[in-house]
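Data block below; observations after.
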Amino acid sequence: MKSMRYVILRDDDTNALTPPECLDRLYRPFLERGLPINLSVIPEVRTEVRMPDGRLEGFLMARTGSEPATLPMAESPGLLAYLGANAGYHVLQHGCYHDYFEFERTDRRELARRVEHGARRLQEAGLGRPRTFVAPYDRLSRDSMAVVADKFDVVSTGWFELGRMPCAWWPQYAMRKLRQQPHWQVGESHLLSHPGCLLSYQRPVETMLESIRRTTRKQMVTVLVTHWWEYFINDTPDEAFIKVLHQTAEYLAGESDIRVVSFDDVADGRVPLS
Ligand SMILES: [Zn+2]
Numbered sequence: 016m017k018s019m020r021y022v023i024l025r026d027d028d029t030n031a032l033t034p035p036e037c038l039d040r041l042y043r044p045f046l047e048r049g050l051p052i053n054l055s056v057i058p059e060v061r062t063e064v065r066m067p068d069g070r071l072e073g074f075l076m077a078r079t080g081s082e083p084a085t086l087p088m089a090e091s092p093g094l095l096a097y098l099g100a101n102a103g104y105h106v107l108q109h110g111c112y113h114d115y116f117e118f119e120r121t122d123r124r125e126l127a128r129r130v131e132h133g134a135r136r137l138q139e140a141g142l143g144r145p146r147t148f149v150a151p152y153d154r155l156s157r158d159s160m161a162v163v164a165d166k167f168d169v170v171s172t173g174w175f176e177l178g179r180m181p182c183a184w185w186p187q188y189a190m191r192k193l194r195q196q197p198h199w200q201v202g203e204s205h206l207l208s209h210p211g212c213l214l215s216y217q218r219p220v221e222t223m224l225e226s227i228r229r230t231t232r233k234q235m236v237t238v239l240v241t242h243w244w245e246y247f248i249n250d251t252p253d254e255a256f257i258k259v260l261h262q263t264a265e266y267l268a269g270e271s272d273i274r275v276v277s278f279d280d281v282a283d284g285r286v287p288l289s
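So for the sequence shown, the numbering used here puts the first residue at 16; every next one is plus one.
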């Protein structure tokens with residue numbers, strides 16, 4: 016009997032300015048097949064976030080310029096109604112304001128404040144208290160790793176490096192390195208890495224599905240990361256890229272030994288991490 020493999024789809028950067036029709040265009044085939052989608056939601060987006068080159072962040076594509084400096088999720092009733100109507104979406108906390116490298120900071124008091132403020136904003140919006148944390152840009156300092164592991168059941172990030180791990184974790188870290196485990200656990204915290212954004216507009220569409228197939232075959236648990244706004248650059252749907260995403264849904268649903276799960280399943284111990 017083939018052993019079961021697990022895939023977790025994580026879509027980052029949903030915020031109060033995300034048009035629900037964009038999410039629906041992307042994820043209708045997943046919802047129809049009962050495949051869960053983990054949305055990493057920015058609780059109170061900063062509407063002026065810029066990258067180092069001065070360009071506005073892509074997830075602000077629907078911004079008009081007349082918005083206040085920050086916009087909590089509760090200000091977006093259309094999006095909330097859409098999420099509420101589709102039980103396939105699972106909400107994760109994606110930082111607080113999504114400032115540039117927001118969780119690279121080291122002031123634990125400020126880190127804890129941002130975590131709590133963000134969690135409160137999601138709860139106010141009726142999205143419940145998230146059990147999974149995703150740092151903006153997948154960047155966590157050693158201090159933020161300690162703070163979020165304390166408050167969440169699951170932390171999803173790109174990779175783990177010793178210099179960013181709390182010292183008390185080093186023995187488990189060494190063990191995990193030795194066993195070459197992509198995912199691991201410290202106390203009650205489930206720590207999941209991902210193999211880079213396989214569904215990215217920076218990769219050739221021709222080879223995307225094959226690399227997803229290869230990775231999900233190789234690993235027992237794969238976190239697939241993507242960003243909804245990358246499919247709609249310049250307000251134009253990227254049909255070829257959307258097609259690959261939809262083929263991914265078809266592939267995942269069609270494999271009898273693949274189960275598509277949520278981070279909540281991981282938090283509940285329903286997914287063997289190693
Ligand atoms: Zn992000």
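Where is the CB? At the ideal position from N, CA and C, for every residue including glycine.
Given residue i as reference, the closest of the options once Cα atoms are compared
i           : options            : result
residue 253 : 210, 219, 169      : 219
residue 205 : 239, 146, 213      : 146
residue 93  : 35, 232, 28        : 35
residue 273 : 31, 50, 29, 61     : 50
residue 30  : 176, 212, 111, 191 : 111
residue 251 : 23, 37, 27         : 37
residue 159 : 26, 128, 81        : 128
residue 122 : 104, 270, 151, 161 : 161
residue 174 : 164, 163, 155      : 155
residue 229 : 243, 210, 215      : 210
residue 232 : 70, 203, 166, 270  : 270
residue 62  : 130, 115, 99       : 115
residue 75  : 27, 98, 45         : 27
residue 135 : 278, 81, 166, 277  : 166
Proximity test, Cβ basis, 8 Å: residue i and chain B
i          : result
residue 77 : The structure shown contains no chain B; it is built from a single protein chain.
Neighbourhood of residue i by C-beta, 6 Å cutoff - its chain only, sequence neighbours within 5 removed
i           : result
residue 72  : 64
residue 77  : 32, 34
residue 191 : 199
C-alpha gap between residue i and residue j, whole angstroms
i           : j           : result
residue 142 : residue 189 : 37 Å
residue 66  : residue 18  : 43 Å
residue 237 : residue 21  : 6 Å
residue 194 : residue 289 : 9 Å
residue 282 : residue 148 : 11 Å
residue 280 : residue 168 : 11 Å
residue 284 : residue 83  : 41 Å
residue 118 : residue 40  : 31 Å
residue 101 : residue 43  : 10 Å
residue 113 : residue 151 : 6 Å
residue 224 : residue 46  : 19 Å
residue 132 : residue 249 : 32 Å
residue 81  : residue 98  : 25 Å
residue 255 : residue 203 : 41 Å
residue 126 : residue 120 : 7 Å
Residue i vs residue j beta-carbon contact at 8 Å
i           : j           : result
residue 259 : residue 267 : no
residue 217 : residue 199 : no
residue 104 : residue 54  : yes
residue 79  : residue 60  : no
residue 235 : residue 181 : no
residue 227 : residue 172 : no
residue 163 : residue 130 : yes
residue 245 : residue 215 : yes
residue 124 : residue 157 : no
Cβ neighbours of residue i in the same chain (closer than 8 Å, five flanking residues each side left out)
i           : result
residue 137 : 56, 58, 88, 106, 108, 143, 144, 145
residue 13  : Since the first residue of the chain shown is 16 and the last is 289, residue 13 is not available in this structure.
residue 277 : 23, 51, 53, 105
Neighbourhood of residue i by C-beta, 7 Å cutoff - its chain only, sequence neighbours within 5 removed
i           : result
residue 184 : 201
residue 212 : 240, 241
residue 197 : 208, 234
residue 16  : Only weak support is given to the placement of residue 16: the predicted model assigns it a pLDDT of 47, under 50, and the question is left unresolved by the model.
residue 48  : 264, 268
Checklist entry - Taking only runs of the beta strand (DSSP E) that begin and end inside the region 191-273, which ones reach a length of at least 3 residues, in chain order? => result Every beta strand (DSSP E) of 3 residues or more that sits fully in the region 191-273 is shown, in chain order, as 198-201, 204-207, 236-242.
Checklist entry - Going along the chain, which unbroken runs of the beta strand (DSSP E) with 3 or more residues stay wholly within the region 83-152? => result 85-87, 104-109, 147-149
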